Structure formats: C-alpha cells, structure tokens
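Q: The structure follows.
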Amino acid sequence: MSKFHNFIQPFKPYLPGLFPEPPTKPNYPNETFQYDTQAWGSHKDGNYVMAYIPKREIPDIPQVIIYLHGFAFGNPYYYDAHMQHLAKQGYYVFFADYQKDKYTDSQTPQPPRFGNSLKLLDAAIESLHTAGKDMITTAHESVSKALQEVLPDKPTLDIFLFGHSLGGLFALSWPFFNGTNQIKAIISADPLPNTAELPSWIQDNINSDLPFLKYPVKIEETGAALTNIPVAILLGNKDLFVKLKTWEQYWNDIAAFQKKIYISQTDYYYNIYRFDPQSALIAYHNQSVTNELLADVDENIQLLIGGAGKQDNMRWRFVWDALDKVLAGSSVEQLTFKMSSWSNGKAVQGVQSWPN
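Here the sequence shown is numbered in my numbering, starting from 43 and rising by one per residue.
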C-alpha cells in the first residue's frame, strides 16, 4: 500500500467526510446457481478453454458467453470473479486462451505465484509469432468443441461475446473470421483497434515482420461483418492505451446498426485520493480484470500503470453491469449506470456515453 494510504487509515474513523470509503459490492439476488468448471486443451498450444457451467436444468435456448482475455492474460483466474458472477446467474461461460503461454492446464482457476510476471512476458513474446487471425480461428474451434460437450443436442444458442483489450478487438472481429451465426451482441471492454498498433515503447523494440504485426487484425477490415450485431464498447477515461478519440476515428468502420461507447470516469474524491490508488476509483485499461495479476510486483506499481487486478466499483457497476443488462435484453444503445456513492453520500462520477 502507498505511504499516503497507510498515513490516512487512522484518521478515517474520525474524518469520514474527508476520507470516505468507496462503494461496496452490490447485492446480486440473481446469483442463485452453483457451478462447476471444466477445461480442455493446452495453454502451450493456444487452444485452452475453461467453461463455467451452472448447475441447472439446461434451458431450451442456453445463453452462452464467449470470454476473450487481454494480451498475455490467458490465465482464467485474472477474470475469475466476473465469470463466477455470470455462472451464478445461470449463464454458460467459455473462457478461451488463444495465446500460447506457460500457464497451468488446470481444471479450476489457479492464482498467480511468484514468477508470474515472467509468464506474462513469455506469453507476450511468444504471441508475436502467431497471426491474430489464427488465434481467433483456433479459439473458435476450441470453444465449439467445448460447447458440444457441455451443451449437446442444443443446436440453438444465444451467444454473447465479451472481450477485454486485445480480446475486445478479437470479439469485434470474431464474426468476420468465424461467421455471425447465433451471435446476439458483443460487449468490448477497452479494445485495441488494430493488433499492429501497440504502444510505441513496445512497437519500437520488436521486429515488425513477426506474424502478429505483419498480418494485423484491424477493425477497418473486420468491422464490416458487424452489420446485424449490436455492439457496446466500454472505455475508461484514464486508459493509457485506448482513448475515445481513437474509436471516434474508427467509428464508421463498425457496421453495426446498434452501437454505443460508454466511458467510465475516474473519481479521486476531490483529489484527496490522487496519491492513494487503493482508495481511488480509477478508470484504467484493466478495469475488467478482477483478480490479482502479479504476485511478485508491488500493488502500487500495478495500479499506477493500470495493470492491477481487483474488484471495485468500475468492475461491479460498469463492466459487469453492462454485460448483465445486455444479457437481460437491454439495448446496447440505452444502457444506464448507477455508480452509487462514497460512504459519506457523495455520488461517484457518472458514466458518459458517445455519440451523445
């Protein structure tokens, strides 16, 4: 924890108006199901899939979420709290690790251990040797096999795609490479627009002839397949990598008739928590990641670079809420968010939308 965070802790009980607590986790009355997990394939081969399977009578038309992770984040544990939340509501979740990496081929999500930062780095480097198209098509094949095993004799499905960062681009590009059959909507959180548009400090130091960069997946091309699929894009106003102005530039490339961008807003509580990222509500690039990313890297460093995994208001009342509402039938163009209040009653900064 930061020095400032430690310094103010003794004062919080006596000055709740000055040092309020952020909103607590909502109650979820729809979380009524228990669930199991089951996995297939191998991380090292880039075809690993973990399913979160609710213990329920299978509906006539099951609702399925295909969950696509961010760059090098192929351990399902990173998003585990969100996928648990979905499975407990009765949805079938299929997490696909489409990148070749060295995470453990387990049947249950495994938290990172010391040395995990090296696995992240290794996954990032290894991934550059595979074209994005091949990752997407392999993920489709792997998920299709898992679907056949979990939901046999169910030819009709309602499929929703959710992706974060690189996975957000791959979710938007999935119909282009794999077809639009049974896809009901796409929720894309902090998506990159192009696999060749990496941050300059990365791109300037790697070989542009590597397949991941040489054969890019880009929304200018793949967005044409989204004509009949509703799309919601979720951004954060403190994202270091993906900006609203970027997606304004590519907006017309998304052919969806129903589409909207929503932007969560950082709240430092009158700047009191600007140097206390544990207490602040920060709309980072990784606002979809719910669990610890790096066991061997100080949390403050992770938070400051947008790489921390935790549960907070941005997850519960923005990312989770958006997908929950679309699954329940809300229009992607009419999502509203109640961001709750600090413990002293002051409202949290609200979500903005674009186009207005």
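Quick reminder that beta carbons are idealized off the backbone N, C-alpha and C, glycines included. None of the values given here were measured: they were computed from a predicted structure.
Give a yes or no on contact between the region 92 to 109 and the region 128 to 135, applying the rule of three or more CB pairs nearer than 8 Å.
A: yes
Q: Is K226 helix, strand or coil when you go by DSSP?
A: DSSP places K226 in the strand class (E or B) of the three-state scheme.
Q: Can you tell me which of E263, K388, Y140, T198 puts its alpha carbon nearest to the alpha carbon of H206?
A: Y140
Q: If we count the other Cβ atoms within 10 Å of its Cβ and call it buried at 16 or more, is H171 buried or exposed?
A: exposed
Q: Taking contact to mean 3 or more Cβ pairs, one atom from each stretch, closer than 8 Å, check whether the region 258 to 271 and the region 200 to 216 are in contact.
A: yes
Q: So, does the region 149 to 165 touch the region 105 to 123, judging by three or more C-beta pairs under 8 Å?
A: yes
Q: What are the residues that DSSP puts in a beta bridge with K302?
A: A274
Q: Just the Cα atoms here: how many angstroms apart are A325 and G392?
A: 11 Å
Q: Could you tell me the boundaries of the beta strand (DSSP E) in which D78 lies?
A: Here the beta strand (DSSP E) through D78 covers 77 to 82.
Q: Helix, strand or coil, according to DSSP, for H171 in the structure here?
A: coil
Q: Confirm, please, whether the CB-CB distance from N355 to P58 is below 7 Å.
A: no
Q: What do you reckon, are the CB atoms on I405 and L286 nearer than 7 Å?
A: Outside the shown range of the chain (43 to 398) lies residue 405, about which nothing can therefore be said.
Q: Three or more C-beta pairs closer than 8 Å, one from the region 307 to 315 and one from the region 273 to 282: is that the case here?
A: These segments touch.
Q: Provide the residue(s) that pair with I95 in DSSP beta bridges, ordered along the chain.
A: Answer is D78, bridged to I95.
Q: Out of curiosity, what's the CA-to-CA distance linking I50 and T66?
A: 19 Å
Q: Nearest CA to the CA of V106: which residue from N294, A227, L323?
A: When only C-alpha atoms are compared, the closest one is A227.
Q: Nearest-angstrom Cα distance between V368 and N249?
A: 40 Å
Q: Based on the DSSP secondary-structure assignment, which residues constitute the bridge partners of V135?
A: In the DSSP assignment, V135 forms a beta bridge with Y94, I107.
Q: Would you mind stating whether S184 and A138 have Cβ atoms separated by less than 7 Å?
A: yes
Q: Taking the straight line between their C-alpha atoms, what separation do you get for L110 and W216?
A: 10 Å
Q: How big is the Cα-Cα spacing for L234 and N48?
A: C-alpha of L234 to C-alpha of N48: approximately 36 Å in a straight line.
Q: Whole angstroms is fine: what's the gap from A165's alpha carbon to I178's?
A: Their Cα atoms are separated by approximately 16 Å.
Q: State the Cα-Cα distance for the pair G265 and P64, rounded to the nearest angstrom.
A: So the alpha carbons of these two residues sit roughly 38 Å apart.
Q: Which residue comes first and which comes last in the alpha helix (DSSP H) that contains D363?
A: 363 to 369
Q: Using a Cβ-Cβ cutoff of less than 7 Å, which residues in the same chain neighbour G351 once the five nearest sequence positions on both sides are dropped?
A: Sequence-distant Cβ neighbours of G351 in its own chain, meaning closer than 7 Å and more than five residues away, are Y120, N328, V331, T332, N333, E334, L335.
Q: Tell me whether A267 sits in a helix, a strand or coil according to DSSP, three-state version.
A: helix
Q: What's the gap between the Cα of T378 and the Cα of D295?
A: 25 Å
Q: Roughly how many whole angstroms lie between the Cα atoms of L268 and F113?
A: Annotation: L268 to F113 spans about 23 Å, alpha carbon to alpha carbon.
Q: In the DSSP assignment, find the unbroken beta strand (DSSP E) run with G205 in it and report its ends.
A: First-last of the beta strand (DSSP E) with G205: 200 to 206.
Q: State the start and end residues of the unbroken alpha helix (DSSP H) segment that holds Q394.
A: Per DSSP, Q394 belongs to no alpha helix (DSSP H); it is in the beta strand (DSSP E), 394 to 396.
Q: Out of T150, M125, D147, point me to the one whose CA is closest to R357's CA.
A: M125
Q: In the DSSP output, what is L323 paired with across the bridge?
A: D309
Q: Between the beta-carbon of P253 and the beta-carbon of A173, is there less than 7 Å?
A: The Cβ atoms of P253 and A173 lie closer than 7 Å to each other.
Q: For A389, is the classification buried or exposed, using 16 other Cβ atoms within 10 angstroms of its Cβ as the cut-off for buried?
A: exposed
Q: Which partner residues does S383 have in the DSSP bridge list?
A: DSSP lists A389 as the bridge partner or partners of S383.
Q: Are the CB atoms of W396 and I303 within a distance shorter than 7 Å?
A: yes
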